Amino acid sequence: MHHHLRVREIVAGMNLPSHHLHPFVPFGSVFPLSPPVSVMCWWRDLQRSWMLRRQRFWGLLPYQAFLIYPLAVPEDVRKEAYQATEGTKKKLKCASTSSGAKESKITSTSISKIKKDKIVTQGKEEYMAEIFLNDIVDRLVANAFSLATELIGLEWGFKEELRNLVEILFKIKFMLHDAQKRQVSDEPVRIWLTELRDVVYDVDNVLDEFGYEICCLKVQIQNQMMDQVCSFSFFNLDRVKTINELLDRIVNDAAGFCLGIEVVNLIPKISLDRNIDSFLDDSEVVGRGSDVVKIVNLLTSSSNEQVISILPIVGMAGLGKTTLAKLVYNHELVKKHFDVLAWVHVNKNFFVEGILGEILKSSKGKLIGFEDEEIDVIDEIIRYLQVQLREKKYLLVLDDVWNEDHDKWDILRSYLLRINSNTGNNVIVTTGSHNVAQIVKTHSPYYLEPISKDECWSIFKERAFANERIPLTFEFEAIGREIAEKCGGLPWVAKVLGGTMYFKDDPRKWTPKDIGRLTSLQTLPFFTVNPDAGCSLEELGPLNQLSGELDIYNLEHVRDNVEAKSANLAKNAKIYKLGFHWKVGVYSAWDEEVLEGLQPHQNLKSLTIEGYKGKKFPSWMLTGRDARDGLSLFDNLIEITLSFCNECEEVPTLGHLPCLQVLEINEMINVRCIGTKFYSDDNYKNALFPTLRRLKLSDMWDLVEWKDAKELTTATCEVFPCLEELTIQMCDQLRNAPCHFPSLKKLEISEICCKAFENISSKLTTLTSLVIDSVSELGCLPEQLLQNNTSLMSLEIRYCDELESISRHQDVWAFCTSLHSLRIRSCGKLSYIPDGLHKLISLDNFELHNCDNLRCFPNIEGVASLRKLVISSCGVEVLSIGLKSCTSLYYLKISSCSDLISIPDLRGFSSLTQLQIHHCPNLRTFPSIEGAASLRELEIEECGVEVLSIGLESCTSLQILRIQNCPHLKRISEGLPECLKTLKIGPFYEELEAFPSLISSTSIQHSIEHLYLNGWAKLNSLPDQFQRFTALKLLWISDFDGMEALA
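For the sequence shown, position 415 matches number 415 in UniProt numbering, and the numbering has no gaps at all.
If you want it as structure tokens, here you go:
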């Protein structure tokens, strides 16, 4: 019988972000991302105590495995392992000097120059060395592949050199197979093998050191030690380059012997870059045909009357979002429908100028100097795009977006709206973040689903059995289908695993077994049940030294209660974190008796149950008592997560747990009511959920009622006495909910109905943070909510389409004296914000975004604490004169308020450092900023001002001034401060024939370093003052088509 060791994704135990979760690869493969330390320990134990005892390496091991030394391996095994590795390695080194501990720098002399007359017939030791050489090359391929993948994730350099190293090692692998057949009779081949062996150990040393440095780098980044991150050693890059040169020479020598020539050219190309690898032809993509049709129909629909429509494509990493977008992008109907198509890979760097520049390139526009990184060309790009895209429709794809900054999106949106006013322009955003999708959407997000098991198998098969190098036997197909099933419906994982297994032509390398024999094993973060491959749950029984975290996957393969009990979890006192996982969507009739048999030890602190198909939870969970001795089972339990338990119609009784602090219930879609049994059975009279601090209910689509515990509570028996954080998301059927949360500080409500929100909030008095998102039918906040929560510090309301007013109470702000931050976003019907904001004596940040119906800006006179004010895409016409009293403002931004006609004077705003007024075409006069001594940056863009006289000379800290795209501006009647370093001006009134006198100011002749001048059609000359700008480093001149000469 062949045995499997299957490794799946770490979900509960490793604290990885959701977009970094990957199904683990089969044993003998590489990790897409670096495994956690516990994985390294486990892998190291496995490697040292099991494989090396058998005197050979099995499969490809992650480079991290060599950084953690075993804790659970007996001393005799360690000695044997040491002899198997170090002893043999010394024999393999022969004449090489580069592998020793004394040498760290690799040069061309690292290859031993062994003369033919020194080669003797191989003995037994040398023969064993060549066997090891083949396995070591296998491992080096995995190490280099893993390192390159790490560097992609860290957005570091070097990955191209490692890509080259992987490709060379692949070639050497096939040459080595041929060479070992011919070495007995072919003396040059023996010499070649000796030289290869020396360089292989150089490669091994460098990759180990490189892997260690990446681990250190990741720790530094995680701890935000950015000043130390910059000290990352770059010496490895030169060493990898040198190694590649040496290996290239060895490959060329082998070509002279015709080693492996018939198979080297058949090696399939495997990309290390996920994004590049996703750009596939239609024929290479499986399972996305219907998705392509749906999206193409959405994009080409004639009913689209918006100037810009944004469609997010959302899904976890590896689902094929980029692939799908590329298929749509290249679709013939899309090419015919849109005049211009542009593709921008965004990743973590949301660079607005770069995005606009890519659109320009796609429209075949040219921009002189665009490659110069010191030149800010955003306005130049906009003007070119306005010319290039006039009367045209465009499709822009923003790929792999993670930016959740509303302001940056507003800026990009405003720039896109400036390009042209045609309807039918579309933007596709691919992202793994639900938050990004909610921020950018104008269409409902398109959520990408996993592909089927058969489709995963099709992708895996195409890679693993390419060129028919490995015959597709029944045995290989059975194992391959099992691997494909563990890809979790992720095409990219299927491709990577298929490409990895391409090089394993022995079924035994696909199926290591018998983990239960590692009786001293201390760390096993995951175990995947597969009885057909020798991985039954019984394997866990002898592992009574396991400690820490353990996730058990594929429990649908467990036969019955007897097998479940054979895991012996109830006697394992050192495991403090357990995860039980069934495949979502796979039905199993005996889940209840299996979970009953998986009773854990009473020391357990964290429990996760995912995909369970039973209708009720086990007795050991419901009663909380050990049936054998009556002791309390969960006295130490701190955290419980229940997810995808779709057959359960009620949640378990958990209120009696004395130490429970975190409870998450996700996607239990069959639960219609959370009843009183949730809190306690009839015999429990103490406090209910006495230590619970965080509770989350998510995606419970059929939940209608959440009952309170009135009949269970007494004067001495409270419920939720310590609960501080409550999150309820996507429970849109919920109508009734409890209201007794005496210690609640943070409440986040999203996508539930108004009535449930009113119930929950009716008796709250201790809130410090409140987020209200997409609450249906919410016309205004519930009565008494703000009045009762006088400690509220942060209030955010977003995407409440029916919200018309914050509160019916006219003096509502009098109760919010602790409020620091007030944010309102995308509430289309909001028409009124109560006056009295001056009573918000702690208000520091006030933001209004996308509230089109808000015509009257509230009076903020007397809000002396306000430091940041942002008004974007609102219908306000006049800003309150009370703004003059907000003298603590350091940041003021007003953008895309097309109806705004007036802003009060800002004289004496001594704290103001940044002032931005963008896209306010009806703003004819600009407020005075005289006396704004701290102002460092001033931007006036696309405003309707005609004359500018605002007191610029008094702004003695001003370093950046931008006055651009003001088509009515005819005169600037003032000088500039001496401290100004960057000046960006123009274009102005189209009938002007000369630049305003601003540029002639003598005060800036010795300070200006960067000067950007944007002209217009009738401008025919430039002043000669440029010759006197002694500090000028950069002069940028554009759109001076009518200029004849300098003045």
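Just so it is clear, CB atoms sit at the ideal spot from N, CA and C, and this is done for glycine as well.
Predicted model, so just to flag it, every value in this text is computed and none were measured.
query	result
Buried or exposed by the 16-neighbour rule on C-beta atoms within 10 Å, applied to I243	buried
Whole-angstrom distance between I752 and V812, CA atom to CA atom	24 Å
Where L412 falls, given that 16 or more other Cβ within 10 Å makes a residue buried	buried
Touching by the beta-carbon criterion (3+ pairs, under 8 Å), the stretch 426–445 and the stretch 306–324	yes
Endpoints, beta strand (DSSP E) assigned at F580	I575 to H581
Cβ pair count under 8 Å reaching 3, the stretch 872–889 against the stretch 383–400	no
Host beta strand (DSSP E) of G548 (start-end)	G548 to Y553
Nonlocal neighbours in the same chain, by C-beta distance under 7 Å from K1033, ignoring five residues either side	E1009 and H1010
C966 in three-state terms, based on DSSP	coil
For I136 and V529, the rounded distance between their alpha carbons	30 Å
Between the CA atoms of T768 and A570 - distance to the nearest angstrom	42 Å
Own chain partners of N435 with C-beta closer than 7 Å, once the 5 adjacent residues on each side are dropped	E404
Inter-stretch contact (C-beta, 8 Å, three-pair minimum) for the stretch 303–311 and the stretch 332–348	no
According to DSSP, residues forming a beta bridge with Q733	Paired residues: none, contrary to the question.
Option in V189, G499, P542 and F526 with minimal Cα separation from S520	P542
Which of helix, strand or coil DSSP assigns to P738	coil
Helix, strand or coil at A756 according to DSSP, with G and I counted as helix	helix
N-terminal and C-terminal residue of the alpha helix (DSSP H) that C456 is part of	K453 to A464
Contact belief for E455 with G315 at Cβ below 8 Å, rounded distance in angstroms	In fact, because the Cβ distance is near 15 Å, the residues do not count as touching under 8 Å.
Supposed close pair L837, V863 - CB separation, criterion 8 Å	5 Å
C-alpha distance - S104 paired with K241, whole-angstrom precision	Any reading at S104 must be qualified, since the residue scores a pLDDT of 34, below 50, and its modelled position is unreliable; no value is offered.
Close beta carbons around K615, own chain, < 8 Å, minus the five adjacent residues each side	E592, E647, C648 and E649
Residue from N850, T982, P188 and L935 whose Cα sits closest to the Cα of S414	N850
DSSP state of D699 mapped onto helix, strand, coil	coil
Beta-ladder partner(s) of residue 1048, from DSSP	Because residue 1048 is not part of the residues shown, which for the chain are 1 to 1047, the question remains open.
For P996: DSSP bridge partner residues	The partner list for P996 (beta bridge, DSSP) is empty, contrary to what the question assumes.
Segment limits, beta strand (DSSP E) that includes Y799	Run containing Y799: none; DSSP gives neither H nor E here.
Buried or exposed (CB count within 10 angstroms, at least 16 for buried), C645	buried
Sufficient close CB pairs (3 or more, under 8 Å) joining the stretch 575–594 to the stretch 602–614	yes
Beta-carbon spacing of L935, L958 below 7 Å	yes
Outcome for I797 when other beta-carbon atoms lying within 10 angstroms are tallied against a minimum of 16	buried
Secondary structure of P312, DSSP reduced to three states	strand
When S865, D852 and P858 are compared against I841, the one with the closest alpha-carbon	S865
Beta carbon of L395 nearer than 7 Å to that of I419	no
7 Å Cβ cutoff met for L360 and Y329	no
Stretch-stretch touch, CB-based, cutoff 8 Å, three pairs: the stretch 753–765 with the stretch 734–741	yes
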